[in-house]
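K.L.:
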Amino acid sequence: QNPWRAPSFHITSNIPRTMPSKSSLLVISPLDASALQVDEDGKPVVSEAEHRLDSMDPFNHPRLRRALILQQLLKNHQEDGLEMEFHQVKAENDWTKVYEKVHTKGLLEFLSTAWDRWNALGTEGQDPSGGRDSTSGFVLVPSCMPLPRDPWQRPSQHVIGQMGYYVTDDVTPVYGALVKELQVDAAAVKSAVEAAAQTHSAVYVLTTHPGHHGAADSFGGYCYVNNVAAAARQLQATLGDEARVAILDVDYHAGNGTASIFYEDPSVLVVSLHCDPNHDYPFHHGFADQTGHGEGQGTTLHLPMPPGTTWEASYQEHLQTGLSAIQQFTPRAVLVSLGLDTHDQDPCAIRRAGFGLKGKDYKAMGRLLADELPAGMPVVFFQEGGYRMDKIGEAAANVVTSFCQHRSVA
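Anchor point for the sequence shown: position 243 equals 243 in UniProt numbering, and the numbering is continuous, going up by one each time.
#1: For V159, I'd like the list of residues in its chain whose CB is within less than 6 Å of its CB, leaving aside the five on either flank, ordered along the chain.
#2: Note down the Cα distance separating H87 from F382, rounded to an integer number of angstroms.
#3: If you scan the stretch 83-150 from start to end, which runs of the beta strand (DSSP E) of 3 or more residues do you find wholly inside it?
#4: Keeping to the same chain, check which residues put their C-beta closer than 8 Å to that of A364; ignore five residues upstream and five downstream.
#5: Report yes or no: do the stretch 62-78 and the stretch 235-242 share at least 3 C-beta pairs separated by less than 8 Å?
#6: Exposed or buried, D280, counting other C-beta atoms within 10 Å across all chains shown (16 or more means buried)?
#7: Does the beta-carbon distance from Y222 to L182 come in below 8 Å?
#8: Report the option in F138, V270, A395 and V27 whose CA atom is closest to the CA atom of A333.
#9: Judging by CA-CA distance, which residue of V250, L68, T321 and I261 is the nearest neighbour of G42?
#10: Nearest to K360 by alpha carbon, out of C348, A395 and R352?
#11: I want to know whether the stretch 343-362 touches the stretch 285-303 - three or more CB-CB distances under 8 Å.
#12: Could you give the uninterrupted runs of the alpha helix (DSSP H) lying entirely in the stretch 241-321, keeping only those of 4 residues or more?
#13: Can you grab the Cα-Cα spacing for the pair I392 / L340, in whole Å?
#14: Do you know offhand how far V380's Cα is from T330's?
#15: Is the Cβ-Cβ distance between T168 and G220 less than 8 Å?
#16: Spatial neighbours of V336 within its chain, please: C-beta separation below 6 Å, excluding the five flanking residues on both sides.
#17: Find out if the Cβ-Cβ distance for the pair V399, L25 is shorter than 8 Å.
#18: Have a look at I28 and V250 and give me their C-alpha separation to the nearest angstrom.
#19: What is the residue span of the alpha helix (DSSP H) that Q383 lies within?
#20: Can you round the beta-carbon distance between A187 and A91 to whole angstroms, since I take them to be within the 8 Å contact cut?
#21: According to the neighbour-count rule (16 or more other Cβ atoms, all chains shown, within 10 Å of its Cβ), is H284 buried or exposed?
#22: Helix, strand or coil for C348? Go by DSSP, reduced to three states.
#23: Let me know the secondary structure DSSP gives A192 once reduced to three states.
#24: Can you tell me whether S55 is helix, strand or coil according to DSSP?
#25: Applying the criterion that 16 or more other CB atoms from any shown protein chain within 10 Å of the CB defines a buried residue, is D265 buried or exposed?
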């Protein structure tokens, strides 16, 4: 009997060495799928501490998001019979090693130590300019940001100065539980790479935090470290340093951090479909004429679209363009930054902006990915944004289940 199968769903404590060759999905998450609880309205329950953390921001509720997605995946699995494995990860204590090939030592040291260093200042040394009160207590936010950076600037030794140096906004705070969450996200990235190297089945990584706005020496946009970039580098180390990897970013906001990390690298193709930065965040990157630099010229493909874009009105066409570029690049693996804030009426868009994708469109997206991505190679989905909580689970499940249902892995 196959130890990785069960009649309904199976929770794995270790990454399986082999998985079924057709229509299967490995879901990697900090959550225990077998212990997911729901309230009287059928919504997944998050702890009080996680609820307070989610309440720090009016749009960004990553702990509820991962629970809603996991709940919908379990439902799809049980009702539709799609073969899935659910793997819960634990904290990776040496977590910065997962990201050391894509982020600077200074940034990783800051994220690792900032909260403890702030607390070590004591009440007399904790200047109020260092942060603000939130629903989860005091959090660190920048008070002095050296923008634009010039070649003569460098980070201060003071934690307040470093907070302003490394972060790009005031909506991505540092707080007490952050390091533990990043440790678990690192474990998810590491497990995903191990699984992708062993199987041709799809992998879905439900990290707590998105990552595609994280650049080599900065964090922001709700992103602390770049999960998909770290996975690309680790896959290259596993498959061979010359192995080509393609990254497809379908988040509403441009994957500026990912593009920046690989902007001069010919071995990683970055394709990003997003709202035109002339209209929405990140505003300063994601333009069509930004195509790479030096040896990396031509391996960045930004496909910006205007506010109001729908699946029929150009999104599908742009996605086909991106997939054609991936085919021509002939990668050994494809990583998908799965942002779902392209959904109609997603709240995390500037006024009069936003896209208009709907539930059925995410099924079409999954099928198009299955049809166009070369068979027989690892495909790993990484959770990015998505802020319409009443639709996030359905949208995510529609993409990955449709992909698996139509995917030919042989």
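Note that CB positions come from ideal geometry on N, CA and C, so glycine has one too.
P.N.:
According to the data block:
#1: A114, R117 and W118
#2: 15 Å
#3: 83-88, 131-134 and 137-140
#4: W311, Q316 and S402
#5: no
#6: buried
#7: no
#8: V270
#9: L68
#10: A395
#11: no
#12: 256-261
#13: 7 Å
#14: 16 Å
#15: yes
#16: L248 and F381
#17: no
#18: 20 Å
#19: Unbroken run through Q383 is the beta strand (DSSP E), V379 to Q383; no alpha helix (DSSP H).
#20: 6 Å
#21: exposed
#22: coil
#23: helix
#24: coil
#25: buried
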